[in-house]
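Just below is one structure, and these are the notes that go with it.
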Amino acid sequence: MDFELSKAEKLLQSSVTAWLARTCPPARVRALIETPGACDEALWEGLAEQGWTSLTLGEKVGGMGLGAVQLAAVAEAMGAACLPGPWLATVWASAVLAAADEDRHADLLGAVVEGKASLAVGLLEESARWDAEAVGLRAVAENGGLSLSGTKLFVDGAMAAGTFLLAVREGGELVLVLVPREAPGVTVVPAPAIDLTRPIARVDLKDVRVDAAAAAARGEAAKAALPAGTPRAPVAICAELVGGMGWALADSVEYAKTRQQFGRPIGAFQAVQFMCAEMLVRVESARSIAYAAAWAVGAEDPAAERLLAAAKTYCSDAAREVGNLAVQLHGGIGFTWEHDLNLYYRRFKGSEIAFGDATFHRETVARLVIDPHRPKET
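In numbering that gives the first Met the number 0, the protein residues as written are 0 to 377.
Printed below as a string of structure tokens:
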């Protein structure tokens with residue numbers, strides 16, 4: 000792989016940075032997190048107009064047809080701006096739908112491309128496991144369609160989504176089902192979340208009836224589509240963390256240059272310099288493993304699962320440490336609501352556990368190193 004972004008990728012990333020600086024500065028982020036979905040129509044349509052809601056979707060449905068590395072480049076810029084809203088949730092759901100059958104779902108994916116729809120994936124249940132084997136929400140065949148009853152937890156983007164892609168079981172068979180938000184029997188309940196920029200919710204279903212066409216994939220096709228599309232989301236999460244850590248480092252260095260103590264900037268003290276150096280090492284190391292994983296996912300490299308697990312492990316830990324160091328360097332002000340570091344620290348903590356925390360992914364790495372062909376334990 001090339002260890003540098005190409006000229007086109009750098010231009011793409013810089014364009015995202017510039018657009019977000021104009022359109023979604025910290026003041027607007029704070030305003031948006033007061034809304035139910037942490038996003039408004041103008042911002043979502045703007046993201047779609049730029050093509051960033053459909054980066055990896057095929058050109059046949061109007062997408063940009065880009066790869067995982069380009070997705071990571073955009074996500075890094077979005078992480079640096081702490082972009083709020085359902086962008087990540089929609090990227091995840093779109094990728095799974097495209098993996099299931101892009102042509103069949105062209106209308107819905109086309110609506111995402113145009114900024115007329117946002118999506119959310121309902122996967123987690125009481126076990127809080129991120130693998131399909133843990134799915135237990137009940138689907139019963141009824142009148143040629145399905146009747147759904149159960150609960151999905153911690154659904155990212157649920158407050159803004161118009162359509163849910165739910166993983167359910169009909170008998171022992173895994174089925175991915177598209178359920179409109181307004182379907183009778185669907186209740187969306189906001190859930191407490193440390194990351195205010197990315198609201199989550201509980202989705203309750205009571206005798207929700209959908210027709211047979213709502214099944215986006217079932218059986219082996221569903222078992223293939225979920226792991227085929229899902230890696231795009233942790234790729235984006237890792238890159239977002241890199242961008243957020245980069246912001247925290249830059250803000251801390253600037254603060255160290257200007258904050259006076261004992262008649263000189265605190266950056267003149269060796270202890271503060273050590274903290275900044277430690278942050279820099281973690282940011283650059285996280286960037287390296289995040290882009291290595293993105294490349295492997297995009298190239299469908301045999302090492303992709305291991306590299307992505309390693310990236311999520313390192314980026315989760317690094318973001319926590321960088322956030323802690325940034326707060327410590329800023330002193331008391333770093334933990335106050337008035338300082339923007341508060342938003343980034345919350346984002347770090349929320350993203351740390353999304354798609355599995357470091358412990359979960361260390362187990363994955365260990366399993367793959369010992370025996371890459373052994374299936375996951377259920």
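Heads up, the beta-carbon is just placed ideally off N, CA and C, and yes, glycines get one too.
Closer than 7 Å by C-beta to Arg-286: which residues in its own chain qualify, once you throw out the five before and the five after it? Chain order, please.
-> Val-241
For a minimum of 4 consecutive residues, which ranges assigned as the alpha helix (DSSP H) are wholly contained in the stretch 229 to 259? 231 to 257
Cβ shell of Asp-370 (< 7 Å), same chain only, five flanking positions each side left out | none
Query raised in the report: Going by other Cβ atoms of all chains shown within 10 Å of its Cβ, with 16 needed for buried, is Trp-336 buried or exposed?
Result: exposed
query = For Leu-152 versus Leu-175, is the C-beta spacing smaller than 8 Å?
reply = no
Inset, instruction - Indicate whether Thr-150 and Arg-201 have their beta-carbon atoms separated by less than 8 Å. - result: yes
**Q.** Inter-residue spacing [alpha-carbon to alpha-carbon] between Ala-224 and Ala-232
**A.** 14 Å
- List the DSSP bridge partners of Val-167. Val-174
Exercise for review: Assuming Leu-118 and Leu-54 form a contact by the criterion Cβ under 8 Å, report the distance between their Cβ atoms to the nearest whole angstrom.
Suggested key: No, Leu-118 and Leu-54 are not in contact; Cβ-Cβ is about 14 Å, not under 8 Å.
Worksheet entry | Leu-177 versus Gly-245: straight-line alpha-carbon distance, rounded | 37 Å
Next item on the list: Rounded to whole angstroms, what's the CA-CA distance from Thr-377 to Arg-128? Just pull it up for me.
Entry: Residue placement at Thr-377 cannot be trusted, given a pLDDT of 41 that sits under 50; what the coordinates show is reported in the next sentence. For Thr-377 and Arg-128, the distance between alpha carbons rounds to 10 Å.
**Prompt:** How many whole angstroms separate the CB atoms of Ala-67 and Ala-293, which I take to be in contact at a CB cut-off of 8 Å?
**Reply:** 4 Å
>> Alpha carbons only, please: which of Leu-328, His-329, Ile-236, Arg-281 is nearest the one belonging to Lys-348?
In response: Ile-236
- Examine the Cβ distances between the stretch 340 to 358 and the stretch 188 to 197 and report whether three or more of them are shorter than 8 Å. yes
Pro-301 (DSSP reduced to helix, strand or coil)
coil
Considering just the uninterrupted stretch of the beta strand (DSSP E) at Ile-199, what are its terminal residues? 199 to 209
For this session: Starting from the Cα of Val-321, find the closest Cα among Ala-289, Glu-299, Ser-251 and give me that residue.
Result: Ser-251
Practice item. Go ahead and pull the three-state DSSP assignment for Leu-118. Key: strand
Simplified DSSP assignment, three categories, for Lys-151: strand
Where does the unbroken beta strand (DSSP E) through Glu-58 begin, and where does it stop? No beta strand (DSSP E) holds Glu-58; DSSP gives it neither H nor E.
Exercise. Could you tell me whether the stretch 293 to 313 touches the stretch 268 to 278, where touching means 3 or more Cβ pairs closer than 8 Å?
Key: no
*Taking Ala-213 and Leu-145 to be in contact with their CB atoms under 8 Å, please state how far apart those CB atoms are, rounded to whole angstroms.*
7 Å
Quiz item: Which residues in the same chain have their Cβ closer than 8 Å to the Cβ of Phe-359, if we skip the five residues on either side of it in sequence?
Solution: Trp-129
Cα-Cα separation between Glu-239 and Ala-79, rounded to whole angstroms: 7 Å
Item to complete: Provide the residue span of the beta strand (DSSP E) that contains Thr-186, from first to last.
Response: 185 to 190
Worksheet entry | For Lys-205 and Met-158, the rounded distance between their alpha carbons | 18 Å
*asked:* Using a 10 Å radius around the Cβ and a threshold of 16 neighbouring Cβ atoms, would you call Gln-259 buried or exposed?
replied: exposed
**OP:** Per DSSP, which residues does Ala-216 bridge with? Please list them.
**Re:** Leu-175
Measuring straight from C-alpha to C-alpha, what distance separates Asn-341 and Ala-325? 10 Å
query: So does the stretch 21 to 38 actually touch the stretch 80 to 87, counting three or more Cβ pairs closer than 8 Å?
result: yes
Point to revise | Within the stretch 265 to 302, ranges of the alpha helix (DSSP H) (whole runs, at least 4 residues) | key: 269 to 297
In terms of residues, what are the limits of the alpha helix (DSSP H) holding Gly-368? Here residue 368 turns out to be Val, not Gly, going by the sequence shown. Residues 357 to 369.
**Asked** Residues in its own chain within less than 6 Å of Gly-57 by CB, not counting five upstream and five downstream?
**Response** Gly-64, Glu-101
I'd like the list of long-range same chain contacts for Leu-328, defined as Cβ closer than 6 Å, with 5 residues on each side in sequence excluded.
Ser-251, Met-274
Check: Closest by CA to Ala-227, which one among Pro-198, Val-296, Arg-217?
Finding: Val-296
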